[in-house]
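To start, the structure itself, in structure tokens.
Numbering (this note's numbering), first residue to last: 226 to 584.
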């Protein structure tokens with residue numbers, strides 16, 4: 226019997242390894258093994274969906290994909306597009322929940338507005354009639370009143386901008402040189418008050434009414450002097466122009482009141498100039514120790530409420546309470562805790578101007 230494998234004898238030092246011979250299978254066994262390898266698996270029966278897909282593919286000329294973004298079987302192109310858009314939103318991080326369609330929404334879809342020609346004609350006729358009535362109502366007197374109101378509003382906005390962007394000394398000269406400017410300003414101011422959600426002066430009046438009737442009050446920038454007419458207390462009403470005998474015409478940074486003569490000082494939308502230091506130092510001069518200051522201002526004028534409170538502290542006032550949650554207006558109550566001389570040099574401070582939009 227021949228050796229199945231043998232190391233060549235060219236190197237006698239090499240150890241010869243002998244292997245057992247392998248028995249060769251018969252021809253019949255080899256044929257059976259080859260037949261098993263070549264035997265193919267029977268194809269599985271395709272599902273009904275695959276058959277429909279193949280039918281659709283042959284009918285439309287393309288083959289549907291089977292990837293994760295492929296449309297579901299037996300779906301229209303619109304449904305496939307909706308599915309792709311939904312997958313795109315999920316990949317982009319936007320997940321939108323579909324709102325269930327209520328019965329009311331279904332009914333609204335079913336109900337479509339169908340106008341008959343007679344209804345359309347009646348609507349057009351009604352529109353023409355209303356237009357003619359409006360034209361007839363627009364008499365010269367009505368147009369004149371409207372024009373006068375617009376001119377009054379325009380002048381108010383101009384004067385308002387001047388008062389917010391100049392100091393009190395220049396504002397005093399403005400009204401002295403133009404006798405009608407003060408009345409025009411306050412007429413426009415009354416128009417603006419009607420548009421506000423609330424009148425800040427009305428709130429201050431309620432607060433004053435709860436105080437002792439013996440307290441002496443100073444109304445700085447009183448306007449029409451409504452505060453004095455609404456409370457039983459003694460009120461010194463002061464403004465740049467006097468419209469009544471009980472109103473003192475003066476610059477409210479330099480009033481004729483005596484030192485420490487007031488119990489309460491009121492500034493209702495009157496901190497308008499750029500020299501607020503002079504306003505509050507004058508209040509410190511005329512207020513008694515532990516006297517109260519009530520301030521109401523438009524919220525858009527404040528960039529930082531804390532900075533305003535610190536400024537009041539430098540003028541000798543400590544914050545008692547504030548209400549900055551009210552829409553459109555901020556309300557503050559301070560107490561005078563120490564005397565500060567008017568000659569003290571403080572860092573200039575002012576609030577943002579309240580400018581109305583030009584029409």
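Quick reminder that beta carbons are idealized off the backbone N, C-alpha and C, glycines included.
Bear in mind that the values here come from a model prediction, so they are computed numbers and not experimental data.
Going by DSSP, residue 432 is part of no beta strand (DSSP E) but of the alpha helix (DSSP H) stretching over 425-434. Linking residue 552 to residue 421 through their CA atoms gives a straight-line distance of about 10 angstroms. Distances from the alpha-carbon of residue 382 to those of 563, 394, 407, 472 put 407 closest. The beta-bridge partner set that DSSP reports for residue 560 consists of 517, 543.
DSSP places residue 443 within a strand segment (E or B) once states are collapsed to three.
Between the alpha carbons of residue 481 and residue 516 lies a distance of about 18 angstroms.
Short of 7 angstroms from the beta carbon of residue 533, and not among the five residues preceding or following it, lie these beta carbons of its own chain, in chain order: 527. When the beta-carbon positions are compared, residue 477 and residue 504 come within less than 8 angstroms of each other. By the beta-carbon neighbour count (other beta carbons within 10 angstroms, threshold 16), residue 419 is exposed. One Cα belongs to residue 388, the other to residue 401, and the distance between them is close to 14 angstroms.
Going by DSSP, residue 409 is part of the alpha helix (DSSP H) stretching over 406-420.
Closest in C-alpha terms to residue 546, from the list 564, 461, 519, 579, comes 519. With the rule of 3 Cβ pairs closer than 8 angstroms, the segment 495-504 does not count as touching the segment 420-435.
Taking each of 536, 554, 467, 429 in turn and checking the Cα distance to residue 506, the smallest one comes out for 536.
For residue 574, the three-state secondary structure derived from DSSP is coil. Rounded to the nearest whole angstrom, the C-alpha separation of residue 468 and residue 411 is 11 angstroms. Close CB contacts of residue 512 within its chain, under the 6 angstroms cut and outside five residues either way in sequence, are with 487, 490, 561 (chain order).
For residue 522, the three-state secondary structure derived from DSSP is strand.
Within the DSSP secondary-structure output, residue 455 pairs in no beta bridge. For residue 383, the three-state secondary structure derived from DSSP is helix. In the displayed model, residue 553 falls within coil according to three-state DSSP, outside both helix and strand. Within a 10 Å sphere around the beta-carbon of residue 569 sit fewer than 16 other beta-carbons, which makes this residue exposed.
Looking at 465, 427, 456, the one whose alpha-carbon comes closest to that of residue 392 is 465. In the DSSP annotation of this structure, the continuous segment of the alpha helix (DSSP H) that includes residue 511 starts and ends at 501-511. Beta-bridge partners of residue 492 (DSSP): 520. Remark: C-beta atoms of residue 554 and residue 521 approach each other more closely than 8 angstroms. When the Cα atoms are used, residue 564 and residue 379 turn out to be separated by approximately 42 angstroms. Between residue 451 and residue 426, the beta carbon gap of about 6 angstroms places them in contact (Cβ cut-off 8 angstroms). Listed in chain order, the non-local C-beta contacts of residue 497 below 6 angstroms within the same chain comprise 388, 389, local neighbours out to five positions each way being set aside. Around the beta carbon of residue 444, 16 or more other beta carbons lie within 10 angstroms, which makes this residue buried. For residue 477, there is no enclosing beta strand (DSSP E), as DSSP gives it neither H nor E. Collapsing the DSSP output to three states places residue 565 in coil. Taking the CA atoms as reference points, residue 415 sits about 24 angstroms from residue 548.
Between residue 484 and the set 567, 429, 494, 495, the nearest pair of CA atoms involves 567.
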